[in-house]
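Chains as they are written, first to last, in the working numbering: chain A, 1 to 167; chain B, 1001 to 1220.
The block underneath contains the structure these notes are about, expressed in structure tokens.
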């Protein structure tokens, strides 16, 4: 084993994550190489020292200070919400997109609405025609309308007769 | 043979402890991964409570990395706040397939720390020699009155002083592995270097740290 190889394996050796054969090779190298033996001793010593050192805790007001930061606003514009929603699904396979319960429910509702509209369209069309005919009939049977219509017809006939006499 | 004996003496209890730690950390990490992903999704849908939970869960680690790296409480507090602001603004770019949330957050923190390090390099060049050396020596002198084998808060303070003397690349590797207990694979993702480089930097960082502490009469 060369010193460069040991340098890579040393970290795993100190973690106890090397195989039996590697462990023997490392220890054989350390026995014959004073420089690497010193490196191993120092590294192991530093690890032991750091294990004895207390962990660092954040000061008590740190979380409150971050949460009170005015620059962080969680409420977003609807355009940002829409972008966020779309960006979640961009680049994902279609089946995963359709698998989303909200989206599947939405698609189902749209299909159902179209089917219901189709079923209702035929009777609705007939009803509209009948209503139109009824309205026209009622309009024409109004006394004022019939009076105007007969007067108009008279004028048309008179105009026709006058024209024939002139010729 | 003496070299092997002394290394083996130091490593054997350490090996068992490291293996137990790794197994426990693996299980805890898996649980946290799902919880974090759900929290991120809830934050993206505009839920205030989810953002609060995310901040509460990750503040300690972010602050710890910042404090260990800068060595200053005030700077660490400002940088932690800045990390969460940057996190909030880039939360939408987090993708589960690209690694776990803590690794992503550690990378964000590290990038901010490196930016800060570069920005304040000139100020530190004048400060470090005059202020940091006497600080460490004073702490060591106080601890030397006892048996020399320091632990707990005292060890933490000595470690803090010694860490500041490491180069940024060795310091960040030691912090992420030995103090924040990230996997080599995760550190490689955070630092954007191969795993071999992480291990090599870690060995050099640890050895350098031991030499600095020993130079100041601290038993390592």
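The beta carbon of each residue, even a glycine, is placed where N, CA and C say it ideally should be.
Rounded C-alpha distance that separates residue i from residue j
{"i": "residue 46 of chain A", "j": "residue 1199 of chain B", "result": "15 Å"}
{"i": "residue 1129 of chain B", "j": "residue 1179 of chain B", "result": "Note that residue 1129 of chain B scores a pLDDT of 44, beneath 50, so its modelled location is shaky and nothing firm can be said."}
{"i": "residue 1071 of chain B", "j": "residue 1058 of chain B", "result": "19 Å"}
{"i": "residue 48 of chain A", "j": "residue 22 of chain A", "result": "22 Å"}
{"i": "residue 25 of chain A", "j": "residue 39 of chain A", "result": "16 Å"}
{"i": "residue 42 of chain A", "j": "residue 1089 of chain B", "result": "42 Å"}
{"i": "residue 18 of chain A", "j": "residue 1170 of chain B", "result": "23 Å"}
{"i": "residue 6 of chain A", "j": "residue 1186 of chain B", "result": "22 Å"}
{"i": "residue 1166 of chain B", "j": "residue 83 of chain A", "result": "44 Å"}
{"i": "residue 118 of chain A", "j": "residue 163 of chain A", "result": "56 Å"}
{"i": "residue 1181 of chain B", "j": "residue 1157 of chain B", "result": "19 Å"}
{"i": "residue 1061 of chain B", "j": "residue 9 of chain A", "result": "28 Å"}
{"i": "residue 116 of chain A", "j": "residue 109 of chain A", "result": "11 Å"}
{"i": "residue 123 of chain A", "j": "residue 129 of chain A", "result": "10 Å"}
{"i": "residue 1192 of chain B", "j": "residue 1115 of chain B", "result": "15 Å"}
{"i": "residue 120 of chain A", "j": "residue 151 of chain A", "result": "44 Å"}
{"i": "residue 20 of chain A", "j": "residue 11 of chain A", "result": "15 Å"}
{"i": "residue 1154 of chain B", "j": "residue 101 of chain A", "result": "55 Å"}
{"i": "residue 137 of chain A", "j": "residue 161 of chain A", "result": "31 Å"}
{"i": "residue 112 of chain A", "j": "residue 153 of chain A", "result": "54 Å"}
{"i": "residue 127 of chain A", "j": "residue 135 of chain A", "result": "12 Å"}
Same chain, Cβ closer than 7 Å to residue i, five either side skipped, listed in chain order
{"i": "residue 1202 of chain B", "result": "1173, 1174 and 1177"}
{"i": "residue 243 of chain A", "result": "The displayed coordinates of chain A run from 1 to 167. Any statement about residue 243 of chain A would go beyond what the structure contains."}
{"i": "residue 1220 of chain B", "result": "1210, 1213 and 1214"}
{"i": "residue 139 of chain A", "result": "145"}
{"i": "residue 1094 of chain B", "result": "1040, 1101 and 1104"}
{"i": "residue 37 of chain A", "result": "30"}
Close-in-space but distant-in-sequence residues of the same chain around residue i (CB under 6 Å, 5 per side omitted)
{"i": "residue 1144 of chain B", "result": "With a pLDDT of 49 at residue 1144 of chain B, under the threshold of 50, the modelled position of this residue cannot be trusted; read the value that follows with caution. If we look at residue 1144 of chain B and ignore the five residues flanking it on each side, its Cβ neighbours are 1217."}
{"i": "residue 1184 of chain B", "result": "1195 and 1198"}
{"i": "residue 1101 of chain B", "result": "1036"}
{"i": "residue 1160 of chain B", "result": "1071"}
Nearest residue (CA-CA) to residue i, options the options
{"i": "residue 1168 of chain B", "options": "B/1208, B/1157, B/1195 and B/1184", "result": "B/1208"}
{"i": "residue 55 of chain A", "options": "B/1115, B/1063, B/1186 and B/1077", "result": "B/1063"}
{"i": "residue 1046 of chain B", "options": "B/1099, B/1092, B/1074 and B/1061", "result": "B/1092"}
{"i": "residue 15 of chain A", "options": "A/44, A/33, A/6 and A/28", "result": "A/44"}
{"i": "residue 1110 of chain B", "options": "B/1214, B/1068, B/1089 and B/1050", "result": "B/1068"}
{"i": "residue 1152 of chain B", "options": "A/53, A/138, A/134 and A/35", "result": "A/53"}
{"i": "residue 67 of chain A", "options": "B/1073, B/1084, B/1061 and B/1065", "result": "B/1084"}
{"i": "residue 28 of chain A", "options": "A/51, A/11, A/8 and A/2", "result": "A/2"}
{"i": "residue 1055 of chain B", "options": "B/1087, B/1065, B/1171 and B/1075", "result": "B/1087"}
{"i": "residue 87 of chain A", "options": "B/1163, B/1041, B/1162 and B/1186", "result": "B/1041"}
{"i": "residue 1052 of chain B", "options": "A/50, A/57 and A/63", "result": "A/63"}
{"i": "residue 72 of chain A", "options": "B/1191, B/1182 and B/1044", "result": "B/1044"}
{"i": "residue 35 of chain A", "options": "A/131, A/138, A/4 and A/115", "result": "A/4"}
{"i": "residue 1117 of chain B", "options": "B/1075, B/1161 and B/1095", "result": "B/1075"}
{"i": "residue 1120 of chain B", "options": "B/1079, B/1048 and B/1163", "result": "B/1079"}
{"i": "residue 57 of chain A", "options": "B/1034, B/1094, B/1073 and B/1162", "result": "B/1073"}
CB-CB length for residue i against residue j, believed under 8 Å
{"i": "residue 69 of chain A", "j": "residue 1081 of chain B", "result": "6 Å"}
{"i": "residue 1077 of chain B", "j": "residue 60 of chain A", "result": "So it is not a contact: roughly 11 Å between Cβ atoms."}
{"i": "residue 1066 of chain B", "j": "residue 1113 of chain B", "result": "7 Å"}
Identity of the residues DSSP links to residue i by a beta bridge
{"i": "residue 163 of chain A", "result": "In DSSP, residue 163 of chain A forms no bridge with anything."}
{"i": "residue 1152 of chain B", "result": "A/53"}
Close Cβ partners of residue i (< 8 Å) along its chain, the five nearest in sequence each way excluded
{"i": "residue 1189 of chain B", "result": "1099, 1103 and 1107"}
{"i": "residue 13 of chain A", "result": "22, 23, 26 and 40"}
{"i": "residue 1205 of chain B", "result": "1166, 1170, 1171, 1173 and 1174"}
{"i": "residue 105 of chain A", "result": "none"}
{"i": "residue 85 of chain A", "result": "none"}
{"i": "residue 33 of chain A", "result": "3 and 6"}
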